[in-house]
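Student: Residue numbers (the numbering used here): 40 to 325. Glycine included, C-beta positions come from ideal geometry on N, C-alpha and C. All figures in this text were calculated on a predicted structure; none of them were measured in a lab. Structure below; questions to follow.
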Ligand SMILES: [Zn+2]
């Protein structure tokens, strides 16, 4: 676990240490011109008061900021404040509201809210590459009421904490099954409650159920879906107590943020993982 207090002190006392920190993590991405794609012919053109460099391509002669293609591009918020915000988010128990963040880094509530929305959007891109495998649980939950309601399908790989949270229009077999096939490896152990629409999964998976309506929540041999049930409880608790409810429009982003934090909760370098995800520009894949 990094010493967050030390990192925070550094960020506060030297405003340019934020950009230096992420620059060291992403050096390999800083070799590519965003205009012509040429690799390895960039010179530092200028450095602004925040320490952010502008590069000039020696081939096309055009310039661009080193933060181009990241959520920090053209942001008026100092990079060090962004990083402090990310540390507060990582170390907050349960979740971090815009009101909390605005107080902690001394920005307006609206600015804090925009920062968190940007972070959530970006983090959502970092999930969903590898398929779930081994012991996988699935379930659905209803969020919100009446016109603000969504059904969310959840799938989680127990051991590696890989998770998918997908908003779905209904719980019919033809809706659920394609998502399962897309995200869960064939022949995995697949645990659900006794909802009939899951019975088709027996074709590709070792499907086992527990009958919640009969009060059965676990059977011998680790057959249960308690992990995903616990996740629903956690998410609903955070939404109710930290964010005081959320609108439908932003639900997907909150789910993505939760999924990212859940997956990497026990990672010793969540801070750097988050920074890599947030700062890795999309224009250059070398
Ligand atoms: Zn160029």
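What does residue 104 pair with, by DSSP beta-bridge criteria?
Tutor: Counting from 1 along the chain shown, the entry for residue 104 is found at position 65. Its beta-bridge partners are 93.
Student: When you compare only the Cα positions, how much space is there between residue 77 and residue 257?
Tutor: Looking up residue 77 in the chain shown gives position 38. Looking up residue 257 in the chain shown gives position 218. Taking the straight line from one Cα to the other gives about 58 Å.
Student: Alpha carbon to alpha carbon, how far is residue 245 from residue 155? Give it in angstroms, no decimals.
Tutor: Against the chain shown, residue 155 aligns to sequence position 116. Against the chain shown, residue 245 aligns to sequence position 206. Taking the straight line from one Cα to the other gives about 40 Å.
Student: Is there at least one non-hydrogen atom of ligand 1 closer than 6 Å to the beta-carbon of residue 315?
Tutor: The sequence position of residue 315 within the chain shown is 276, counting from 1. Checking the Cβ of residue 315 against ligand 1 gives no.
Student: Rounded to the nearest angstrom, what separates residue 109 and residue 143 at their Cα positions?
Tutor: If you number the chain shown from 1, residue 109 lands on position 70. If you number the chain shown from 1, residue 143 lands on position 104. Going by the C-alpha atoms only, they are around 23 Å apart.
Student: What is the DSSP secondary structure of residue 316, reduced to helix, strand or coil?
Tutor: Indexing the chain shown from 1 puts residue 316 at position 277. Three-state DSSP puts residue 316 in a helix.
Student: Between which residues of its own chain and residue 239 is the CB-CB distance below 8 Å, once the five residues before and five after are set aside?
Tutor: Translated into the one-based positions of the chain shown, residue 239 becomes position 200. The residues are 212 and 216.
Student: List the whole-angstrom C-beta distance separating residue 64 from residue 315, where the pair is believed to meet the contact cut-off of C-beta under 8 Å.
Tutor: Counting from one through the chain shown, the residue named residue 64 turns up at place 25. Counting from one through the chain shown, the residue named residue 315 turns up at place 276. Taking the Cβ atoms as the reference, residue 64 lies roughly 6 Å from residue 315, within the contact range of under 8 Å.
Student: Just verifying my parser: in three-state terms, what is the DSSP assignment at residue 131?
Tutor: Taking the chain shown and counting its residues from 1, one reaches residue 131 at position 92. Here residue 131 sits in coil by DSSP.
Student: Quick check on the burial criterion: 16 or more other C-beta atoms within 10 angstroms. Buried or exposed for residue 181?
Tutor: Sequence index remark: in the chain shown, residue 181 carries index 142 (1-based). Under this definition residue 181 is an exposed residue.
Student: Out of curiosity, what's the CA-to-CA distance linking residue 130 and residue 302?
Tutor: Position 91 of the chain shown holds residue 130. Position 263 of the chain shown holds residue 302. Taking the CA atoms as reference points, residue 130 sits about 15 Å from residue 302.
Student: Does the segment 257–274 come close enough to the segment 215–234 that 3 or more CB-CB pairs lie under 8 Å?
Tutor: yes
Student: So what does DSSP say about residue 56, is it helix, strand or coil?
Tutor: In the chain shown, the residue the question calls residue 56 occupies position 17. Here residue 56 carries a helix assignment [DSSP, helix/strand/coil].
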